[in-house]
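K.L.:
Each residue of the sequence shown is one higher than the one before, starting from 24 at the first, in our numbering.
One structure, as structure tokens, below. Some questions next.
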Amino acid sequence: MISVSDLSIKYSAGPLFEKVSLQFNPGNRYGLVGANGSGKTTFLRILAGDETGYDGKVHIPRELSVGVLRQDHFRFEEERVVDVVIGGNSELYEAMQEKNRLLNAEHSESLGEDIAKIEEQIVASEGYSAEARACRLLDGLGVTTEMHFEPLRQLSGGYKLRVLLARLLFQDPDILLLDEPTNHLDILSIAWLEDYLIRQFKGLLILISHDRHFINRVCNYISDVDFQTITLYKGSYTKYMEARNLAMEQKLTEIKSLEKKAEELQQFVDRFRAKASKAKQAQSRAKQLEKIDLPQIIRSSRRYPAFSFKQVRPSGRDVLTVKSVSKSFGDNHVLNNISFTLERGERVGLIGPNGMGKTTLLKIITNNLKPDEGTVHWGYETHTAYFAQDHRELLVDNKTKKLTVFDWMVQNCNDPKPGKIRSILAAALFTQDDSEKKIESLSGGERGRLVLASIMEKKPNILILDEPTNHLDLESIEALEGALSEFEGTILFVSHDKDFVSSAARKIFEIRPEGLEIHEGSYEEYLDKLGSDYLERDVDSKSRPGKSAEKGVSNHQAKYQDRKDKKKLLQKLSKANQNFEKEIQVEEAEIEKIVAMFAAPGFYEKTENADVKKLETEKSDRETRLASLLEQWEKAQTELSDLRAELEQLARL
């Protein structure tokens, strides 16, 4: 258990948290969500003991072990990958090291007894299955067998982080703190991690993730970091969004109602204070005004970029032709005879496990890499913009890292007018002060938004995007999805974010070991057609090879029919829910009219008592009906949420 009491932390720009008190209980999985800069990582660092400049108390029982994902792979560069993982259990690893030392030591009278003691300790810690357990973790995270016994320095940065994650999971702590654990993981590894955290990890989990699908599936509580506080919501991310939006609407409605009432009372007081006949009433209204306690309005930290991608002119109909492209790196054959065409206006999601050559293919078609075989031909009037997965290296090289954001934009724009550049930067959430930041000091999310800002200025008619949502917060991802939906040009993108693929793709290119498979239609249609994505099909074929194709087809048909029935029910419930919302709006509007009549100057003097009572009765009846409608609406919302969750679960089966 972790308890937080009166936590406050301030920076020069103002308070990050104010008097935050909450409790995280064992066995639950909490997702920390909020805008970049809202304090998610700072809060996680406080829990991990890496941040000390705060007021208040954080209590973690001493007997509980805490595991934190840290990017400190440089400490283990010369160690074998499997040993780095086993090192997550420091006591076991030290015992195994001590045993090796004793076995190579000179004989002594106590040597046998010392080895026996170490053996007991290793056996008690299941040390003789440690290597096998470490290898299973590495396999699940996509670190292939041939890497397990190599020095860590042989691996790329992304794979080193996978090894550190495996090391942390091997530790099996009581409390697990993860900051963006899905970065550098493909869909296969993300799904494995989802399953591991849900089914095998029994401790307290607190994680930050911008992958909505991942956090929605893994977490059973959402911790919303906003308004200088942290609010806990029970349930999945989907349920949190519904509850949060409803709470925000109710809060805003309450504030507007109070402000309106205060304004009306103030107008009455100002108008009749000097009139003797109305002085008593004005004094009464003034006292009512004093009793109105308007809540302090703290501005949300959530900000949505105004991404907008326009094309200078449309391309020709035939945009891109890729024919028989192959690429190898030494003995590693990455792409094998890849052929496809793109036409104007197509929106293609390129999916597949890491190592299948998705990024390599994008580099080849953008002329950043030469193929070993095959050709790439761009059509008439094609103007491309490329969002590279490794854009940090493109931004922060020796020539550019000392540039300011503004100066970098000047160098990377077609029309470097200062006013235009500042307008585009503002749309990407860079303030005047932000534009003076050095490129090398930008966070991952800021770098991503800067690249997208430069793409907006270029006005291409073809977007080539490699993992564009990496490091973006949920608000920026939502804004990017909206901008891509309105873009009239052609899009080819790589993403491991299932929600993003669902939103942006209208056709799926799936890279598999045997080549490229093209699936017409959206990602949902792709799932409906296959019964699952390539990930589950790979797992099924490995774990259940004896199942007949006939039975597989029968199961798929049953799942398809179940999904179809539930989708029909979803449409029916959605329509009923919309009707409830319309009726609620009508009742609220009529109640507001009556309230406005009551508040009108001179109403009670000009209106007969019978008419006043009639209006009061009508108001009471409408309030009763409104309460009933709200109850029915909430019930329908719950049914809709549960049904959507069932459909999402069926899509994974």
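Virtual Cβ for every residue (Gly too), placed ideally from N, Cα, C.
Would you decide whether Y263 is buried or exposed? Buried here means 16 or more other CB atoms lie within 10 Å of its CB.
P.N.:
Along the sequence shown, read from residue 1 onward, the residue named residue 263 stands at position 240. So Y263 counts as buried.
K.L.:
Identify which residue in P328, I617, I531, E459 has its Cα closest to the Cα of L503.
P.N.:
One-based indexing of the sequence shown puts residue 503 at position 480. Taking only the C-alpha atoms, the option nearest L503 is P328.
K.L.:
Can you find the residues in the same chain that come closer than 8 Å, C-beta to C-beta, to S88, ignoring five residues on each side of it along the sequence?
P.N.:
Indexing the sequence shown from 1 puts residue 88 at position 65. Closer than 8 Å at the Cβ level, and outside the excluded window around S88, lie Q194, P196, D197, I198.
K.L.:
Helix, strand or coil: which one does DSSP assign to R103?
P.N.:
Taking the sequence shown and counting its residues from 1, one reaches residue 103 at position 80. R103 falls in the strand class under three-state DSSP.
K.L.:
Please determine, among V107, S349, S148, Q608, the residue with the shortest C-alpha to C-alpha distance to V186.
P.N.:
If you number the sequence shown from 1, residue 186 lands on position 163. Residue V107 is the option with its Cα nearest to V186.
K.L.:
Taking the alpha helix (DSSP H) that L392 belongs to, which residues open and close that run?
P.N.:
Position 369 of the sequence shown, counted from the first residue, corresponds to residue 392. It is not in any alpha helix (DSSP H) - L392 carries neither H nor E in the DSSP assignment.
K.L.:
Give a yes or no on whether the C-beta atoms belonging to S246 and Y53 are separated by under 8 Å.
P.N.:
Here residue 246 corresponds to residue number 223 of the sequence shown, with the count starting at 1. Here residue 53 corresponds to residue number 30 of the sequence shown, with the count starting at 1. A contact, by the Cβ cut-off of 8 Å.
K.L.:
Run through DSSP, which three-state label would S555 get?
P.N.:
Sequence index remark: in the sequence shown, residue 555 carries index 532 (1-based). With a pLDDT of only 49 at S555, under 50, the local geometry of the prediction cannot be trusted, and the value read off the model is given with reservation. Coil.
K.L.:
Which value, in whole angstroms, describes the spacing of the CA atoms of D137 and L188?
P.N.:
Here the question's residue 137 lines up with position 114 in the sequence shown. Here the question's residue 188 lines up with position 165 in the sequence shown. Roughly 33 Å separates the two Cα atoms.
K.L.:
Below 8 Å between beta carbons: does that hold for I485 and T454?
P.N.:
Walking along the sequence shown from the start, residue 485 turns up at place 462. Walking along the sequence shown from the start, residue 454 turns up at place 431. Against a cut-off of 8 Å, the Cβ pair of T454 and I485 comes out as no contact.
K.L.:
Extract the residue ranges of the alpha helix (DSSP H) inside the segment 392-463, only unbroken runs of 4 or more that lie entirely within it.
P.N.:
For the segment 392-463, whole alpha helix (DSSP H) runs of length 4 or above, ordered along the chain, are 414-418, 428-434, 441-450.
K.L.:
Count the other CB atoms, across all protein chains shown, that sit within 10 Å of the CB of P491; report buried if there are 16 or more and exposed otherwise.
P.N.:
For this step, residue 491 is matched to residue 468 along the sequence shown. So P491 counts as buried.
K.L.:
If you drop the 5 nearest sequence neighbours on each side, which residues of the same chain put their C-beta closer than 6 Å to that of I447?
P.N.:
Within the sequence shown, the letter at position 424 stands for residue 447. So the list reads A476, M479, E480, once near-sequence residues are dropped.
K.L.:
What does P174 pair with, by DSSP beta-bridge criteria?
P.N.:
To locate residue 174, count along the sequence shown from 1; it is residue 151. The partner list for P174 (beta bridge, DSSP) reads R103.
K.L.:
Roughly how many angstroms separate the alpha carbons of E121 and V399, rounded to a whole number?
P.N.:
For the purposes of this step, residue 121 is taken as residue 98 along the sequence shown, with counting starting at 1. For the purposes of this step, residue 399 is taken as residue 376 along the sequence shown, with counting starting at 1. Roughly 58 Å between the two C-alpha positions.
K.L.:
Quick test of the definition: if touching needs 3 or more C-beta pairs under 8 Å, does the segment 390-404 touch the segment 342-352?
P.N.:
The segment 390-404 is in contact with the segment 342-352.
K.L.:
Tell me whether L70 sits in a helix, a strand or coil according to DSSP, three-state version.
P.N.:
For the purposes of this step, residue 70 is taken as residue 47 along the sequence shown, with counting starting at 1. Reduced to three states, the DSSP call for L70 is helix.
K.L.:
Following the continuous alpha helix (DSSP H) through L495, name the residue where it begins and the one where it ends.
P.N.:
As a first step, residue 495 must be located in the sequence shown, where it is residue number 472. Note, L495: premise wrong, no alpha helix (DSSP H); not H, not E.
K.L.:
Within 10 Å of its beta-carbon, does T168 have 16 or more other beta-carbons around it, so buried, or fewer, so exposed?
P.N.:
Looking up residue 168 in the sequence shown gives position 145. The residue is exposed, with fewer than 16 neighbouring Cβ atoms inside 10 Å.
K.L.:
Give the single residue among D218, E366, Y256 whose Cα lies nearest to the Cα of Q46.
P.N.:
Numbered from 1 along the sequence shown, position 23 holds the residue referred to as residue 46. The candidate whose alpha carbon is nearest that of Q46 is Y256.
K.L.:
Just to confirm, are H236 and K521 a CB contact at a threshold of 8 Å?
P.N.:
For this step, residue 236 is matched to residue 213 along the sequence shown. For this step, residue 521 is matched to residue 498 along the sequence shown. Yes.
K.L.:
Would you identify the three-state DSSP class for I677, choosing helix, strand or coil?
P.N.:
This structure leaves residue 677 out entirely; the chain is present only between 24 and 676.
K.L.:
With DSSP as the reference, label L92 as helix, strand or coil.
P.N.:
What you label residue 92 is simply residue 69 of the sequence shown in a count that begins at 1. In the structure shown, L92 sits in coil (DSSP, three-state: anything other than H, G, I, E or B).
K.L.:
If you draw a straight line from the C-alpha of L67 to the C-alpha of Y244, how long is it?
P.N.:
Here residue 67 corresponds to residue number 44 of the sequence shown, with the count starting at 1. Here residue 244 corresponds to residue number 221 of the sequence shown, with the count starting at 1. The alpha-carbon atoms of L67 and Y244 are separated by roughly 16 Å.
K.L.:
Enumerate, from N- to C-terminal direction, the unbroken beta strand (DSSP E) stretches of 3 or more residues contained entirely within the segment 146-222.
P.N.:
Here the runs fully enclosed are 198-202.
K.L.:
Return the chain-ordered ranges of every alpha helix (DSSP H) run that is complete within the segment 232-292 and spans a minimum of 4 residues.
P.N.:
Here the runs fully enclosed are 235-241.
K.L.:
I need the straight-line Cα distance from E639 to E646, nearest angstrom please.
P.N.:
Within the sequence shown, the letter at position 616 stands for residue 639. Within the sequence shown, the letter at position 623 stands for residue 646. Approximately 10 Å between the Cα atoms of the pair.
K.L.:
Would you report the Cα separation of L275 and L281, rounded to the nearest angstrom?
P.N.:
For the purposes of this step, residue 275 is taken as residue 252 along the sequence shown, with counting starting at 1. For the purposes of this step, residue 281 is taken as residue 258 along the sequence shown, with counting starting at 1. Roughly 10 Å separates the two Cα atoms.
K.L.:
Buried or exposed, going by whether 16 or more other CB atoms sit within 10 Å of the CB of Q608?
P.N.:
Along the sequence shown, read from residue 1 onward, the residue named residue 608 stands at position 585. Label assigned to Q608: exposed.
K.L.:
Would you tell me roughly how many angstroms separate the C-alpha atoms of D456 and R445, rounded to the nearest one?
P.N.:
Looking up residue 456 in the sequence shown gives position 433. Looking up residue 445 in the sequence shown gives position 422. Taking the straight line joining both Cα atoms gives about 11 Å.
K.L.:
State the DSSP-derived secondary structure class of F224, mapped to helix, strand or coil.
P.N.:
Against the sequence shown, residue 224 aligns to sequence position 201. Correct three-state label for F224: coil.
K.L.:
By DSSP's criteria, G111 is part of a beta bridge. Which residues make up the other side?
P.N.:
Working through the sequence shown from its first residue, we reach residue 111 at position 88. DSSP output for G111 lists no bridge partner at all.
K.L.:
Count the other C-beta atoms from every protein chain shown that fall within 10 angstroms of the C-beta of T382, then say buried if there are 16 or more, exposed otherwise.
P.N.:
Position 359 of the sequence shown, counted from the start, is the residue given in the question as residue 382. By the 10 Å Cβ count, T382 comes out buried.
K.L.:
With DSSP run on the structure shown, which of helix, strand or coil describes N355?
P.N.:
Here residue 355 refers to the residue found at position 332 when the sequence shown is read from its first residue. Three-state result, N355: strand.
K.L.:
Could you check how far apart the C-beta atoms of L160 and M170 are, in whole angstroms? I think they sit under 8 Å.
P.N.:
Your numbering for residue 160 matches position 137 in the sequence shown. Your numbering for residue 170 matches position 147 in the sequence shown. The Cβ separation is near 13 Å, so there is no contact.
K.L.:
Do you know offhand how far F97's Cα is from D438's?
P.N.:
Counting from one through the sequence shown, the residue named residue 97 turns up at place 74. Counting from one through the sequence shown, the residue named residue 438 turns up at place 415. If you take the alpha carbons of F97 and D438, they lie about 43 Å apart.
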